[in-house]
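Enquirer: If you count the sequence shown from 1, you need to add 2 to reach my numbering. Backbone N, C-alpha and C fix where the C-beta goes; we use that ideal spot for every residue, glycine too.
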Amino acid sequence: MKVEQLYGPKVKSFQILELEYLLQEDSPELFFSFGLKKGGQVIVTHAPARLDIMGGVADYCGANVFEMTLDRTAIAACQAREDRNLCAITLRAGNQFKPNFHCSLDNFYTDGALKTYQQVQDYFNQEPSTAWVSYILGGFYVLLKEGKINQFPHGATIVIKSDIPIGGGVASSAAVEVATLMALNQLYNLELGAMEIARLAQIVENRIAGAPCGIMDQVTAVAGTSSKILSILCQPDKILEFVSSPLNVSFVGIHTKVRRSTSSTAYIDTRIGAFMGLTILKAAFASEAEAASEEGNSAQKISEALADNYLCNVSVQEFHEQCEILLPEQMHGGEFLEKYGEIVDTATQVEPEIIYPVKSRVEHMIYENARTQQFIAAIKNAAKDPERIQDCLTEAGNLMYESNASYRDLAGLGSPEVDGLVN
Numbered sequence: 003m004k005v006e007q008l009y010g011p012k013v014k015s016f017q018i019l020e021l022e023y024l025l026q027e028d029s030p031e032l033f034f035s036f037g038l039k040k041g042g043q044v045i046v047t048h049a050p051a052r053l054d055i056m057g058g059v060a061d062y063c064g065a066n067v068f069e070m071t072l073d074r075t076a077i078a079a080c081q082a083r084e085d086r087n088l089c090a091i092t093l094r095a096g097n098q099f100k101p102n103f104h105c106s107l108d109n110f111y112t113d114g115a116l117k118t119y120q121q122v123q124d125y126f127n128q129e130p131s132t133a134w135v136s137y138i139l140g141g142f143y144v145l146l147k148e149g150k151i152n153q154f155p156h157g158a159t160i161v162i163k164s165d166i167p168i169g170g171g172v173a174s175s176a177a178v179e180v181a182t183l184m185a186l187n188q189l190y191n192l193e194l195g196a197m198e199i200a201r202l203a204q205i206v207e208n209r210i211a212g213a214p215c216g217i218m219d220q221v222t223a224v225a226g227t228s229s230k231i232l233s234i235l236c237q238p239d240k241i242l243e244f245v246s247s248p249l250n251v252s253f254v255g256i257h258t259k260v261r262r263s264t265s266s267t268a269y270i271d272t273r274i275g276a277f278m279g280l281t282i283l284k285a286a287f288a289s290e291a292e293a294a295s296e297e298g299n300s301a302q303k304i305s306e307a308l309a310d311n312y313l314c315n316v317s318v319q320e321f322h323e324q325c326e327i328l329l330p331e332q333m334h335g336g337e338f339l340e341k342y343g344e345i346v347d348t349a350t351q352v353e354p355e356i357i358y359p360v361k362s363r364v365e366h367m368i369y370e371n372a373r374t375q376q377f378i379a380a381i382k383n384a385a386k387d388p389e390r391i392q393d394c395l396t397e398a399g400n401l402m403y404e405s406n407a408s409y410r411d412l413a414g415l416g417s418p419e420v421d422g423l424v425n
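Below you can see the structure in the form of structure tokens.
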């Protein structure tokens, strides 16, 4: 079997070498029974895990986030088939996952027309034991739905190998999505750019897997490097700069073993609360701006800042002086829908029977954006001026303490285990 790595460094990691070795061995019980051909070319691609240093959950509100890659990797090995079938195989099944899944490209159609996103999401999530395939095979449907390919000339078999902790908050799903789409990009000669792959991967996660994440994970997976930290403005996916760590300074992530998921109820409700706040503020300041006669008034300024639906374009000062008073502490979903209609977020929807915290969620997003910008400045100053490194790192550390407290108290997403480590 010819194995060809088309992405990544010339010096291959142990993980990649191990998978290539397995693919080139005679392992019919593991591979060939699932459609891999011994004499066929296999394309191998990979994408890294990421460490969220600052900014995190505020990415979907247009925040500046600060991300770095980790040495954990998701690897996709992809081979063309002669039929229209799709097969996904995971080498990390464990007890909770079925290790393989088969379907046909025809499953994406009804009477010759593409199914809806919801129909495909429901199809892949029928069984909890096979829900993992939505992150892999969902990419085929998204490429069709988003017009990146008119039709696939043939199916494919994809083998996934990953050493990224699942549910550890280091973007295991984004790495799988990106590695898979990179492989499909090569297999079908789609000529997709890196950022286009990131956007498509986010659609896979949002619309097929049903996890309403922002885009920072996917951008880090396609653009991050092992030597520098990535500063991203999530409006929607602008890379601002690559920042070097100060001399002898490293960032370390500690796995608390507490499972984190962007599809959890707490994460979804926090996101909805933030978008409810955005809707309320847009309505209020649009009315004020229309009523005001002079140009450049403060209401008009905030109305323009929110025009692209990014809460983080509002400054901390503007939030306290003009926005905070307009936001309810919490609001019943039914009351909100009756007064304002649906939120602009395409990944979530307000449930009429749920009471959502609003003000605190908006406050966290706006403050976290400001903290991240201050943090990046402190890290850059520490690298630039060794004589001030201690003061700069102390400032950065205090901002991290503030971020954790806000994540817990305002975003409602903390955990005792994390607090135990922080304290």
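(1) Give every residue of the same chain whose Cβ lies closer than 7 Å to the Cβ of L19, excluding the five residues on either side of it in the sequence, and list them in chain order.
(2) In the DSSP assignment, find the unbroken beta strand (DSSP E) run with I91 in it and report its ends.
(3) Terminal residues of the continuous alpha helix (DSSP H) containing I368?
(4) For L21, which option in K39, G42, G37, H48 has the closest C-alpha, if you only look at C-alpha atoms?
(5) Name, in chain order, the residues that DSSP records as bridge partners for A79.
(6) Within the continuous beta strand (DSSP E) that includes C236, where are the two ends?
(7) May I ask you to report which of helix, strand or coil DSSP gives H334?
(8) Is N400 helix, strand or coil by DSSP?
(9) So, helix, strand or coil for V135, using DSSP?
(10) Check whether the segment 77 to 87 and the segment 264 to 282 touch, using three or more Cβ-Cβ pairs below 8 Å as the test.
(11) From the DSSP output, which residues share a beta bridge with V102?
(12) Helix, strand or coil for N191, going by three-state DSSP, please let me know.
(13) Work out the CA separation of S174 and S305 for me, nearest whole Å.
(14) Taking Cβ positions, are V318 and A398 nearer each other than 7 Å?
(15) May I have the straight-line CA-CA distance separating F244 from P50, to the nearest angstrom?
(16) Whole angstroms is fine: what's the gap from S408's alpha carbon to H366's?
(17) Looking only at C-alpha atoms, which of F287, H104, G336 sits nearest to E320?
(18) Using 7 Å as the limit for Cβ to Cβ distance, is S106 near chain D?
(19) So is Q98 buried or exposed if we call it buried at 16+ other beta carbons inside 10 Å?
(20) Using CA atoms only, rank isn't needed, just tell me which of I345, Q332, Y137, S15 is closest to L412.
(21) According to the Cβ coordinates, are I256 and L395 closer than 7 Å?
(22) Over what stretch of residues does the alpha helix (DSSP H) that includes A213 continue unbroken?
(23) Which of the three DSSP states is assigned to L8 in this structure?
(24) Given this structure, state the Cα-to-Cα distance separating G335 from G416, to the nearest angstrom.
(25) Excluding five sequence neighbours on each side, which residues of the same chain lie with their C-beta closer than 6 Å to the C-beta of K457?
(26) Should L242 and L235 be called a contact, given that it needs their Cβ atoms to be closer than 7 Å?
(27) Terminal residues of the continuous alpha helix (DSSP H) containing V424?
(28) By alpha-carbon positions, which one of D219, V46, Y62, V44 ends up nearest to D310?
(29) Under 8 Å, with one C-beta from each stretch per pair, do the segment 170 to 190 and the segment 214 to 234 reach the 3-pair mark?
(30) Taking the alpha helix (DSSP H) that A301 belongs to, which residues open and close that run?
(31) Is it the case that the Cβ atoms of I166 and I138 are separated by a distance below 7 Å?
(32) Since I378 and S233 are thought to touch, with beta carbons under 8 Å apart, how far apart are those beta carbons, to the nearest angstrom?
(33) Could you please give the first and the last residue of the uninterrupted alpha helix (DSSP H) stretch that includes I205?
(34) What does the Cβ neighbour count give for V260, buried or exposed, with the cut at 16 atoms within 10 Å?
Expert: According to the structure data:
(1) none
(2) 87 to 92
(3) 361 to 386
(4) H48
(5) V46, V161
(6) Unbroken run through C236: none, as it is neither H nor E.
(7) strand
(8) helix
(9) helix
(10) no
(11) Rather than Val, the amino acid found at residue 102 in this sequence is Asn. Bridge partners of N102: I91.
(12) coil
(13) 37 Å
(14) no
(15) 17 Å
(16) 6 Å
(17) F287
(18) Looking at the structure shown, chain D is missing, and only one protein chain is on hand.
(19) Low local confidence applies: a pLDDT of 46 at Q98 is under 50, so the model's placement there is unreliable, with the coordinate-based value given in what follows. The residue in question, Q98, is exposed, as its Cβ has fewer than 16 Cβ neighbours within 10 Å.
(20) Q332
(21) no
(22) Where A213 is concerned, there is no enclosing alpha helix (DSSP H), given that its DSSP letter is neither H nor E.
(23) Legend: pLDDT at L8 = 44, less than 50; position of this residue unreliable, no value from coordinates given.
(24) 23 Å
(25) The question about residue 457 has no answer, for the chain in this structure spans 3 to 425.
(26) yes
(27) 418 to 424
(28) Y62
(29) yes
(30) 300 to 307
(31) no
(32) 6 Å
(33) 196 to 205
(34) exposed
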